[in-house]
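Scroll down for the structure; my scribbles are underneath it.
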Amino acid sequence: MEFQVENSPKILIMGCEAMGRDGGPDFISLEDNYQCLHIFETTSLGANKYFDDVCLCKESGEKCDNQTPVGKCTSGKVQWWQDDFSTSMVPTTTVTTTQATTTVATTTEPSTTTVPTTTTEVTTTVPSDKFSFEISLTEGRNNRKNQMMVSSEMDCSLEKCDFWIKVDNRAQTWFKVYMGSEECQNQKCSGSVVPGASANVTIYRGTEFLDFFDFQFKNIVVLGCDNGLLDYGSCVRMTKAVSINGQEYIDEICSCRSREMDCRNAKVGVCETGVQTWWRDATRTSTTGGTSSEATTVPTTTAAAVPSLQDLANGGVDLSNVTQVLNDTEHYSKQGMALNHTQIFDITKILHNSANLPGISQKNAIQILQNMDQCLNAHKEQVRRGQTREFRLLAVLQPMVMNTKDKLIQYLDGKNLGFNAKKVNCQNENHTDDGLIDYGRDIGFAVLNDTNKLSSTQHNSIIVPLGTVCQDSQDISHVFFTIFRGQKLFRGPQAYRSYGRKSEEADDSSDKESSNEFRERWKRDAVQPNETEGVNQIPAPSRCVVQPSVPDVPVMSATLMSGAVQIHSFPKIVGVSRPPMAKLQFNTGKIPRPLHGQKIVTWFDESKQEWALQEKCNMESDENGIVLASCEHLTDFTVLIYGQLDAEQVCSWPLIIIGYSVNGASIFCLLLLIVIGLLFYIQTDTIRRILSYIRGQAQTSGDIINLSYYCIFLMFFVLSLFFMDQSSGGNEEGGTTTYCVVIAAMSYFSLISAIMMSMLIGIRMICHFFSPKLRAFFKVMTSPPAALSIGVIIPFTLTLTLALSEREFFERNDAFCWVRPDYIAYAVIVPVILPIINGVICSTFAIYKMFFQAKRGLRDKETSHYDAEFWSKVLGLIIMQFAMGLPWGIEFILIGVAGSSAWNYVFVILLGTQGIDLFLIFLYRRQRLVNESRKWSAREEKMERKQRQLERSGEEG
């Protein structure tokens, strides 16, 4: 930094006088919200490469983060590191501090006071060159992993360098490790290397060997690669699928230039210099250990300033500079989330120009794919706005494959995409199936070449039966496969709603504050001429409309080419069924089952930039979240949910009106029953007369169990009327809020508790017909303290357990705070089976009382019991069990049904009228009691008349 005071103060940063945002609409001004800019450079020091990141801030440097925009020098020229041709000592730095001369004028003679200049010299020696690194190999299948590690350290002073190496082979029965020509006899072995000497570590596994690590003072070679697989200050990861004795294994190599290995956040390594090699066949004897490979010293170069993105996009690119252009582009694409749409457009243009160069190499193709992969770390809206009709990232792949001179292109370690391409000769070669599989972010992608493996794994995969396809066309020249883990490149003018959980991608984070900050950051960007026409998307339809919605599922594509022509499908022949051109497997296990729609496997229509709903793929199975499909054409495929997102109970106005009406009526009826139940505990003559009239008989004691039963039901209907409908909560993104989960859990608890209480009431009603011992037990069980404990504690424990362990049970994601009916055990079996059991038991004893005890004379004093309300109680109990259990079964039937149906009305009416049912049962029982009272009154009156007649007859006699 240089500070100049001349006519006006001036600050120069590394030779640059003015800095603006690269690709921005204007330069940094005091009115701009952002106060920091990044400039980047890759420099070399000896055999090591360093990544320099300079951040310029107007105010506090704390505002500098990984989302800070990239800067561009607009006045002056940035000067990075320059060669120092002095001795090993750091050049002398002179710091001069001069205070201004002060002159005081008087009427006699001038007087001048001068402060002398102070000079300080600082001399610093070159620091010692010291570093350490570790490299590990892990080979695993399922849960079994074999691992070995190599750690080393080099410490160089001005006089000499010391280098040592240690091996820790934790799988001695699996790996044989050689240091040079000596086999490590134990799990751990070590050695040192003197300056000028070389050493290598070679791993043998059966008849194959891996040239794992080579060292030649001071150069490090990993897997035969001189540069790219070892990065200063961080970890680099490489993965590959290998086949051993017919079994598939995953190899992962992690190299770290630090003292502690941490491969969790390691970046994917790409060999930049040398040839990356994995396992090779070898014949190992007892005397020959490893294969010595000599490392190539990387020449020291002076790094030049990286051109701006605009210069790279508008400048010419040919075979002589395409590698450098793509390397320079990577300096910008690796910013990921910090990229804006203008930068993404420039990167897309660069990749498009590079891909259309005939004769590019496999290395160039991998560079293109890596830049595309890093661009997909940007925000999805910026990616969409960075695409135009002329330049699209999706349009880069086909010319890239066609123009690559090498036979194979494999990019299997990407974060956002995997790629596999090869040249095909159907006339002279016998082809088997070919495809691509995604083992997840931790392992990566792998080539798939066996259809049988498609069904033996649960990972996302796509395959093309080349043997069958070649029979239909002999002109096929290329085939390539792509798996996109996200759908950022498949966003056209029509917006789609997301389904289920949020994506794991960074821009789909549920952190609302972060998203708002991002929008504020980019809202200043004006629409540039190169942007996609119509920046604002057409809004998605209402959540109540049947529509396709996009779950968190990858997009998988397969493409056949005949020269420059893309083959989408083969002509159909009438009466002849053709085999599928592609077979796909999607793992949708984390996506909740659609409650109001169905899964479909469809394709992206590039001409309309939207997901097509015609010519869908044939979905063969959907079990345990694994979707298998076959397609008769080739393009980009994914799984969509076709249906409505919100429940019909919150979408259909007739259903809403009916629901509010029956729920309100049930609340009113339950309040009346609760008031009547409470009156039994008020001991006054007036209340007794009122209750005698209401019940149809003289007052009996209060029933706390029935009263609790009504209160629990009231709680359910209050929740149903006022809290279950969350369609007006403003949650346009879907999902289930914690508030809604609590409401659903409380509703589930209240209904299960009501079912338990009704079962206890039924047991209490029939226990009089049990044997004395059983009757005594069930009387204790149905006593108020025990019944309330059972009816409340068991449902509460069940609900709490489900809320903690199976939270998804309460997450419908359809604006209706209720439980998911596809959890059969908790949503169907428990609430349906319990009422059925209760109804069967009560009905059985009713039949026993009617036919056996009364008609066959089996009554005895111990089991005899008379209850005037018995039959009304039995009938009411059966009706309530039916009313409580049937809605759960109906809701299970409605899974996958979109739109309104008769079952929706049956469900709403049955669920909402249970309070009315209880009141009608109460009125029925009252009428039965009134009739019974009149009957007994008539009998008593008749008996009294007979008694009076007898008395008169006696008197006359």
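According to full-length UniProt numbering, the residues represented by the sequence shown are 1 to 957, in order.
Cβ atoms here follow ideal geometry from the backbone N, Cα and C, with glycine treated the same way.
Only a predicted model underlies this, so the values are computations on that prediction, with no experimental measurement involved.
Q) How is PRO548 classed by DSSP in three states: helix, strand or coil? A) In this structure, PRO548 counts as strand in the three-state DSSP scheme.
Q) Can you check whether the CB of VAL70 is closer than 8 Å to the CB of TYR332? A) Going by C-beta atoms, TYR332 is nearer than 8 Å to VAL70.
Q) If you count every other CB in all the chains shown that lies within 10 Å of the CB of GLY15, and 16 or more means buried, which is it? A) By the neighbour-count criterion, in which 16 or more other beta carbons inside 10 Å mark a residue as buried, GLY15 falls on the exposed side.
Q) At which residues does the beta strand (DSSP E) containing ASP328 begin and terminate? A) Boundaries around ASP328 are those of the alpha helix (DSSP H), 322-333, since no beta strand (DSSP E) includes it.
Q. When DSSP builds the beta bridges, which residues end up paired with residue 1003?
A. Residue 1003 lies beyond the residue range present for the chain, which begins at 1 and ends at 957; the question has no answer from this structure.
**Q.** Own chain, CB closer than 7 Å to GLN528, minus 5 neighbours either side, in chain order
**A.** Any reading at GLN528 is ruled out, since the residue's pLDDT is 41, under 50, leaving its predicted position unreliable.
Q: Evaluate the contact criterion for the segment 898-916 versus the segment 549-557: three or more CB pairs, one atom per stretch, below 8 Å.
A: Flag = no, the segment 898-916 and the segment 549-557 do not touch.
(Q) Is the beta carbon of LEU137 closer than 8 Å to that of PHE212? (A) Yes; because the gap between Cβ atoms is below 8 Å, this pair is in contact.
Q. Expressed to the nearest angstrom, what Euclidean distance is found between the alpha-carbon atoms of VAL322 and GLN494?
A. Approximately 36 Å, taken between the alpha carbons.
Q) How many whole angstroms separate the CB atoms of THR483 and GLY418, which I take to be in contact at a CB cut-off of 8 Å? A) Checking the displayed sequence, the identity of residue 483 turns out to be Ile instead of Thr. Indeed they touch by this definition, with Cβ atoms about 5 Å apart.
Q | The alpha helix (DSSP H) enclosing residue 1033, as first and last residue numbers | A | In the structure as shown, the chain begins at 1 and stops at 957. Residue 1033 is therefore absent and cannot be evaluated.
(Q) As a quick exercise: from PHE668, LEU920, THR684, pick the residue whose alpha carbon is nearest that of VAL718. (A) Residue PHE668 is the option with its Cα nearest to VAL718.
Q) Where does VAL464 land, buried or exposed, given buried means 16+ other C-beta within 10 angstroms? A) Result: buried.
Q: Could you name the residues of the same chain whose beta carbon sits closer than 8 Å to that of VAL275, not counting the 5 residues immediately before and after it, in chain order?
A: GLY224, CYS225, listed in sequence order.
Q. How would you call LEU751, buried or exposed, if buried means at least 16 neighbouring beta carbons within 10 angstroms?
A. By the neighbour-count rule (16 or more Cβ atoms within 10 Å), LEU751 is buried.
Q: Run the CB neighbour count on ASN618, radius 10 Å, all protein chains shown included, and call it buried at 16 or more, exposed below.
A: Taking a 10 Å sphere around the C-beta of ASN618, we find fewer than 16 other C-beta atoms and assign the residue as exposed.
Q | Rounded straight-line distance, which links the Cα of LYS773 to that of ILE790 | A | Taking the straight line joining both Cα atoms gives about 21 Å.
Q: Compute the Euclidean distance between the alpha carbons of VAL177 and THR68, then round it to the nearest angstrom.
A: VAL177 and THR68: Cα-Cα distance of roughly 46 Å.
Q. To the nearest angstrom, how far is it from the Cα of GLU648 to the Cα of LEU655?
A. Their backbone Cα atoms lie some 8 Å apart in a straight line.
Q. Since ASN420 contacts LEU397 with CB under 8 Å, what's their CB separation in whole angstroms?
A. 11 Å between Cβ atoms; not a contact.
Q | Distance CB(ARG237)-CB(CYS263) smaller than 8 Å | A | Yes.
Q) On the three-pair Cβ rule with 8 Å, is the segment 712-728 touching the segment 798-805? A) Judged by Cβ distances under 8 Å, the segment 712-728 makes no contact with the segment 798-805, as fewer than three pairs qualify.
Q. Does the beta-carbon of MET1 have 16 or more other beta-carbons within 10 angstroms, so that it is buried, or is it exposed?
A. Answer is exposed; the Cβ neighbour count stays below 16.
Q. Would you call ASN340 buried or exposed, if buried means 16 or more other Cβ atoms sit within 10 Å of its Cβ?
A. The residue is buried, with at least 16 neighbouring Cβ atoms inside 10 Å.
Q: Can you tell me which of PHE586, GLN566, MET581, SER562 puts its alpha carbon nearest to the alpha carbon of VAL553?
A: Closest by C-alpha distance to VAL553, out of PHE586, GLN566, MET581, SER562, is PHE586.
Q.
Measuring only the C-alpha atoms, how far is PHE445 from GLY885?
A. Distance between the alpha carbons of PHE445 and GLY885: 48 Å.
Q) On the premise that SER549 lies in contact with LEU640, defined as a C-beta separation below 8 Å, what is that separation, rounded to the nearest angstrom? A) Correct: roughly 7 Å between the Cβ atoms.
Q: Please go through the same chain and pick out, in chain order, the residues whose beta-carbon is closer than 7 Å to the beta-carbon of THR782, but skip the five residues on each side of it.
A: Same-chain partners within the cutoff: LEU760, ILE763, ARG764, CYS767.
Q: Compute the beta-carbon to beta-carbon distance between GLU330 and GLN370, rounded to the nearest angstrom, for a pair I have assumed lies under 8 Å.
A: GLU330 to GLN370, Cβ: 7 Å. Contact.
(Q) Here's the rule I'm using: 16 or more other beta-carbon atoms within 10 Å means buried, otherwise exposed. How should SER152 be labelled? (A) Here SER152 is buried, its C-beta having at least 16 other C-beta atoms within 10 Å.
Q) Below 8 Å between beta carbons: does that hold for TYR748 and VAL819? A) It is a contact, given that the beta carbons lie within the stated cut-off.
Q. Of the choices GLY625, ASN813, PRO795, whose alpha-carbon is the least far from that of PRO831?
A. The shortest C-alpha separation from PRO831 is found at PRO795.
Q.
Are the CB atoms of TYR249 and GLU139 within a distance shorter than 8 Å?
A. For GLU139 and TYR249, yes; Cβs fall inside 8 Å.
(Q) Going by beta-carbon coordinates alone, are ASP365 and MET400 separated by less than 8 Å? (A) Position check: residue 365 holds Ala in this sequence, whereas Asp was assumed. Going by beta carbons, ALA365 and MET400 fall inside the 8 Å limit.
Q) Less than 8 Å separating the beta-carbons of LYS72 and ASP22? A) Closer than 8 Å, so yes.
Q) Among MET337, LEU707, ILE694, which one has its Cα closest to the Cα of GLN374? A) For GLN374, the closest of MET337, LEU707, ILE694 by C-alpha to C-alpha distance is MET337.
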